[in-house]
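Chains P and A, in that order, are what the protein sequence lines are. In terms of numbering that gives the first Met the number 0, the numbers along the first sequence are unbroken and rise by one, the last being 316. In terms of numbering that gives the first Met the number 0, the numbers along the second sequence are unbroken and rise by one, the last being 316. By construction, the Cβ of each residue, glycine as well, lies at the ideal position given by its N, Cα and C atoms. Everything below concerns the one structure shown next.
Number of protein chains: 2
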Amino acid sequence: MLPERQLIDRIRRIAGRVKNRDVIRGIGDDCAILQLPAGQQLLVTTDLCVEDVHFCSEWDPAQSVGHRCLARGLSDIAAMGGEPVACFLSLGIPPKLPQKWVDEFLRGLLHLARQFHLPLAGGDTSSSDKIIADILLLGRIPSGKALLRSGARPGDRIYVTGELGGAAAVLKRLFAGEEIRPNRTNRHFYPVPRVEPARWLRKRGLASATIDISDGLSVDLAHICQESRVSALIEAAAIPAARAATLDLALHGGEDYELLFTADRGVKLPNKIAGVPIAQIGRILPKSSHRSQIQIQDRAGQIKVLNPAGWQHFAKT
Amino acid sequence: MLPERQLIDRIRRIAGRVKNRDVIRGIGDDCAILQLPAGQQLLVTTDLCVEDVHFCSEWDPAQSVGHRCLARGLSDIAAMGGEPVACFLSLGIPPKLPQKWVDEFLRGLLHLARQFHLPLAGGDTSSSDKIIADILLLGRIPSGKALLRSGARPGDRIYVTGELGGAAAVLKRLFAGEEIRPNRTNRHFYPVPRVEPARWLRKRGLASATIDISDGLSVDLAHICQESRVSALIEAAAIPAARAATLDLALHGGEDYELLFTADRGVKLPNKIAGVPIAQIGRILPKSSHRSQIQIQDRAGQIKVLNPAGWQHFAKT
Chain P
0 MLPERQLIDR IRRIAGRVKN RDVIRGIGDD CAILQLPAGQ QLLVTTDLCV EDVHFCSEWD
60 PAQSVGHRCL ARGLSDIAAM GGEPVACFLS LGIPPKLPQK WVDEFLRGLL HLARQFHLPL
120 AGGDTSSSDK IIADILLLGR IPSGKALLRS GARPGDRIYV TGELGGAAAV LKRLFAGEEI
180 RPNRTNRHFY PVPRVEPARW LRKRGLASAT IDISDGLSVD LAHICQESRV SALIEAAAIP
240 AARAATLDLA LHGGEDYELL FTADRGVKLP NKIAGVPIAQ IGRILPKSSH RSQIQIQDRA
300 GQIKVLNPAG WQHFAKT
Chain A
0 MLPERQLIDR IRRIAGRVKN RDVIRGIGDD CAILQLPAGQ QLLVTTDLCV EDVHFCSEWD
60 PAQSVGHRCL ARGLSDIAAM GGEPVACFLS LGIPPKLPQK WVDEFLRGLL HLARQFHLPL
120 AGGDTSSSDK IIADILLLGR IPSGKALLRS GARPGDRIYV TGELGGAAAV LKRLFAGEEI
180 RPNRTNRHFY PVPRVEPARW LRKRGLASAT IDISDGLSVD LAHICQESRV SALIEAAAIP
240 AARAATLDLA LHGGEDYELL FTADRGVKLP NKIAGVPIAQ IGRILPKSSH RSQIQIQDRA
300 GQIKVLNPAG WQHFAKT
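Laid out in structure tokens, this is it:
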């Protein structure tokens, strides 16, 4: 490990290579300075990643950890239909951690950042027993145009992008002790935040509510139902489960970072948006005190209550 | 400890009591949404606090820890002459931590936040072995008016607000095993970020460079010298050491969160700014490759090199 000052200087050198015109001043003063164009609102999200909670150094390569930390934040910006503007990193590292781990972590993070023209504009460092990385993402959106969780209305259709359960299926195999090659195409190691499809929806005003699937479909759909004061009915047969993922993993597995959104029943959507397949999985119903928030119709046509059961940090420990 | 969902709901309830008109949407969606008035730039700073690095649960009450986490961020906004707009909290907590600790931590943080009309607009939570709190502070400043570290020029006078070394003197006694009452007036437990004095300076355009003293006078003055490409000469007799603080603690002790700033030699400053005493402690000299960045003149008139020796996390461990 480099001493803190040298570590910051090193990050500053690496981070300086990507520019964004909204960032007036990045690393090097007490605060970063940004200026958004007129008519734009600021989006802010923070995502805390802790070793042995969000990743496992034993099987997750440092590059993948860096990538996923940033992907979580990008996925939140995507869920609002926003454009990423700058990221900030608060990094806690054990003093005995090899510098190579830190360098690889930064490489993974900055590789993804470059794809979105996203500068690392600041942050903080500290020593810490376990590795901790808190990512702050700033984005922008034309004023009043953010896609919210709260806009779903009875009758709306429910959609998801891509495939579900893929990341959880890999995680399950890792937990079982299997060794898995951390390929760039593997959604557990290198998830792709759906910034483009969300932007496409926002520009056309087609989505009534959106959220990213970080905790699992059942949990994140429950968030939409709660914030929109509605309930939902989904169809098991329509869920786009990833190859190797069971229906259970597709319903409750987290960290796929796909988009979940609703749109008026009259809206015609293409099969793919920005190259990503779209599946209609159900519809929004009125809120009812007699009924649970989410129900699922199985392949035999039977309707059952679906309890949210995704990844919950405290419940697991 | 409450389960994560309940913890977030609880924070959301408590946090909702303070409003800021720039915050369009706080906790409850994938991102918070802010909108700054026209002609304002955004200031961003993050400060990572880790148990047993930045605070010690044995002697620091949870309220003080919450206060200090936020004070660090507010002090960074102050150092740029900015107005605080919103804070975000990423909180990692051991599952077995009593809920009372978390409640008291939030009480300390939100009590200070209220004084600056600062809403808690979002964040993240996770389980973690040690308590970790990453604070993100957003502020605003009229475009182009931020006070920077890089504006000091040879001939400028160097000033500090308040007294130095007070927080370090208390910390030294705590390390020695002494029990100290965590009074609200104690600068170790409840430091006061200098938002008002900095704003006063910024409005009048009187400071050429500013920084907050978080790491210690010697380290933070070295930052100004580095970013401004100058050197500095300070006088031992002029350093406003706190009662009970030695010159050494006043020079190198961190966490006083006073302001260090420079101003043109022609500028006349009052003895107090916004109720806080101001002391002139030296002057800026041209950069010289033969000479160290900072020199100090002792009470006998002798000039020596002053090596930066403040709080350095990694160097200590």
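- Message: Strictly below 8 angstroms CB to CB, what residues from chain A border P:Glu226?
- Response: P:Glu226 reaches chain A at Gly27 and Asp28, counting residues in chain order whose Cβ is nearer than 8 angstroms.
- Message: Measuring straight from C-alpha to C-alpha, what distance separates A:His312 and A:Leu73?
- Response: At A:His312, the pLDDT of 42 sits below 50, so the modelled position is not reliable and the matter cannot be decided from this model.
- Quick one: does A:Phe323 have its CB under 8 angstroms from some CB of chain P? In the structure as shown, chain A begins at 0 and stops at 316. Residue 323 of chain A is therefore absent and cannot be evaluated.
- Item | When A:Lys303, A:Ala14 and A:Ser56 are compared against A:Phe174, the one with the closest alpha-carbon | Among A:Lys303, A:Ala14 and A:Ser56, the Cα nearest to that of A:Phe174 is on A:Ser56.
- Residues sharing a beta bridge with A:Ile283, DSSP: Listed as beta-bridge partners of A:Ile283 by DSSP are A:Ala231.
- Under 8 angstroms between C-beta atoms, does A:Asp75 make it to chain P? Residue contact check for A:Asp75 against chain P: a CB pair falls below 8 angstroms.
- Query: Does any residue of chain P bring its CB to less than 8 angstroms from the CB of A:His99?
  - Reply: Sequence inspection shows Lys at residue 99 of chain A; the His mentioned does not correspond to that position. No, because no Cβ of chain P sits closer than 8 angstroms to the Cβ of A:Lys99.
- Just curious, the alpha helix (DSSP H) that A:Ala78 is in, first and last residue? Element bounds for A:Ala78: Ala61 to Ala78.
- Message: A:Gly80 and A:Ala145 - do their beta-carbons sit closer together than 8 angstroms?
- Response: In contact: A:Ala145 and A:Gly80 (Cβ atoms closer than 8 angstroms).
- Message: Quick check on the burial criterion: 16 or more other C-beta atoms within 10 angstroms. Buried or exposed for P:Pro190?
- Response: Its Cβ being crowded by 16 or more others within 10 Å, P:Pro190 is buried.
- Which value, in whole angstroms, describes the spacing of the CA atoms of P:Phe115 and P:Gln62? The alpha-carbon separation between P:Phe115 and P:Gln62 amounts to approximately 17 angstroms.
- For A:Leu47, return the contacting residues in chain P, with the cut-off set at a CB-CB distance below 9 angstroms. Correct list: Ser89, Leu90, Gly91, Gly122, Asp123, Thr124, Ser125, Ser127, Ile131 and Asp133.
- Taking only runs that begin and end inside the stretch 146-218 of chain A, name each unbroken beta strand (DSSP E) of 3 or more residues, in chain order. Those beta strand (DSSP E) runs which fall completely within the stretch 146-218 of chain A and span 3+ residues are 156-160 and 208-212.
- Query: P:Ser142 versus chain A: which residues are under 7 angstroms apart at the beta carbon?
  - Reply: Within chain A, the residues near P:Ser142 are Gln34.
- Can you find a CB in chain A that lies within less than 8 angstroms of the CB of P:Arg12? Between P:Arg12 and chain A, the shortest Cβ-Cβ separation is not below 8 angstroms.
- Query: What did DSSP end up calling A:Glu254 once you bin it into helix, strand or coil?
  - Reply: If DSSP states are grouped into helix, strand and coil, A:Glu254 belongs with coil.
- At 9 angstroms on the CB atoms, spell out the chain P contacts of A:Gly138, in chain order. Within chain P, the residues near A:Gly138 are Cys30.
- If you run the structure through DSSP and keep just helix, strand and coil, what is P:Phe104? Here P:Phe104 sits in helix by DSSP.
- Task: Measure the alpha-carbon distance for A:Thr245 versus A:Ala308 and round it to whole angstroms.
- Result: Distance between the alpha carbons of A:Thr245 and A:Ala308 is about 15 angstroms.
- Message: Closer than 8 angstroms is the cut-off here; do at least three beta carbon pairs connect the stretch 131-144 of chain A with the stretch 84-93 of chain A?
- Response: These segments touch.
- Item | Nearest to P:Lys267 (by Cα), restricted to the options P:Leu216, P:Leu259 and P:Ala206 | It is P:Ala206.
- How is the alpha helix (DSSP H) around P:Leu6 delimited, first residue to last? Start and end: Glu3 to Ala14.
- Return the CA-CA distance between P:Gly257 and A:Ile23, expressed in angstroms with no decimal places. For the record, residue 257 of chain P in the displayed sequence is Glu; it is not Gly. Distance between P:Glu257 and A:Ile23, taken at the CA atoms: about 26 angstroms.
- Query: When the Cα of A:Arg156 is compared with those of A:Thr184, A:Phe104, A:Thr209 and A:Ile179, which residue comes out closest?
  - Reply: For A:Arg156, the closest of A:Thr184, A:Phe104, A:Thr209 and A:Ile179 by C-alpha to C-alpha distance is A:Thr209.
- Query: Considering only C-alpha positions, which residue in the set A:Ile26, A:Asp59, A:Ala278 and A:Gly300 is nearest to A:Gly161?
  - Reply: Closest by alpha carbon: A:Ala278.
- Query: Thinking C-beta only, is A:Ala235 closer than 8 angstroms to A:Leu297?
  - Reply: According to the sequence shown, residue 297 of chain A is Asp rather than Leu. Cβ distance < 8 angstroms, so A:Asp297 and A:Ala235 count as in contact.
- Closer than 7 angstroms by beta-carbon distance: list the chain A residues that pair up with P:Ala78, in chain order. For P:Ala78, the residues of chain A that pass the 7 angstroms Cβ criterion are Asp29, in the order they occur in the chain.
- Message: Measuring only the C-alpha atoms, how far is P:Ser291 from P:Leu284?
- Response: C-alpha separation (whole angstroms): 11 angstroms.
- Query: Are the beta-carbon atoms of P:Ala85 and P:Asp211 separated by less than 8 angstroms?
  - Reply: Contact: no.
- Quick one: residues in its chain with C-beta nearer than 8 angstroms to the C-beta of P:Glu50, no 5 flanking neighbours on either side, listed in chain order? Closer than 8 angstroms at the Cβ level, and outside the excluded window around P:Glu50, lie Ser56, Lys129, Ile130 and Ile131.
- Item | Identity of the residues DSSP links to P:Val304 by a beta bridge | In the DSSP secondary-structure assignment, P:Val304 is bridged to P:Gln294.
- Message: So A:Gln292 contacts chain P; which residues on that side make the cut at Cβ distance below 7 angstroms?
- Response: Proximity of chain P to A:Gln292 at the Cβ level (cut-off 7 angstroms) is not reached, the minimal Cβ distance being about 13 angstroms.
- Terminal residues of the beta strand (DSSP E) in which A:Ala31 lies: From DSSP, the beta strand (DSSP E) with A:Ala31 extends over Ala31 to Leu33.
- In three-state DSSP terms, what is A:Gly82? Checking the sequence shown, residue 82 of chain A turns out to be Glu, not Gly. Under the three-state reduction of DSSP, A:Glu82 is assigned to strand.
- Task: With P:Ala120 as the anchor, note down where its beta strand (DSSP E) starts and where it stops.
- Result: Note, P:Ala120: beta strand (DSSP E), Leu119 to Ser126.
- Cα separation between A:Leu137 and A:Ile7? Those two C-alpha atoms are separated by around 21 angstroms.
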